[in-house]
Structures are given as structure tokens and as C-alpha cells.
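For what it's worth, numbering that gives the first Met the number 0 labels the leading residue of the sequence shown as 0, then goes sequentially. Notes to accompany the following structure.
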Amino acid sequence: MNLSSINKMLQELRKTPFIESNVTHRISNQFKQVVSLTYCRKMKLFQLHEIEENKFHEFAELEETAAYLSRFINRG
Numbered sequence: 000m001n002l003s004s005i006n007k008m009l010q011e012l013r014k015t016p017f018i019e020s021n022v023t024h025r026i027s028n029q030f031k032q033v034v035s036l037t038y039c040r041k042m043k044l045f046q047l048h049e050i051e052e053n054k055f056h057e058f059a060e061l062e063e064t065a066a067y068l069s070r071f072i073n074r075g
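Shown next, in the form of C-alpha cells:
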């Protein structure tokens, strides 16, 4: 997943109809879910959960969220 695709996905989470509901994107690596991503309308934050490590991150800025998610997905 490239940075442009990630940015588009994040932008969509902040728009209708997605912002009106609780949408979670789950990203997998070889059929194993590794991260989930949601947007909290009340707090205006992207919330990222690293499933294996059980770590939670919150980001206010779309660009910061996209950069972190891109690094996470593309680390080897």
C-alpha cells in the first residue's frame, strides 16, 4: 500500500457516510491482521491499534497518520 492510497483511505474516513458511522479498517499481512484504524469524530483523531503488540496510537493530523501507517506497513 503506497502513501497515496493511505492518504485517500484516511481522507475517506473523515467524510460522509463514513464519519457518520464507526468504520474500522483492518490491515493484514499474509492473512494475519496486524493493525486496525478508525477515525473518532468526537475527538477528531485517527486511532491506530497495532494488534500483535497491543499498542495504541492517536494522531490528529492526516499526514502524520499516513506516514506512520506507511512505515508500519512497509517495514521489513
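Where a beta carbon is used, it is the ideal one built from N, C-alpha and C, also for glycine.
Are residue i and residue j touching if we call contact CB-CB under 8 Å?
i	j	result
residue 65	residue 2	yes
residue 35	residue 50	yes
residue 6	residue 47	no
residue 15	residue 37	no
Along the chain, where does the beta strand (DSSP E) containing residue i start, and where does it finish?
i	result
residue 10	It is not in any beta strand (DSSP E) - residue 10 instead sits in the alpha helix (DSSP H) that spans 2 to 12.
residue 58	54 to 58
Please check the pair residue i and residue j, which I expect to be a contact at CB under 8 Å, by giving their CB distance rounded to whole angstroms.
i	j	result
residue 67	residue 58	7 Å
residue 72	residue 0	5 Å
residue 32	residue 40	Not really, about 24 Å apart at Cβ, beyond 8 Å.
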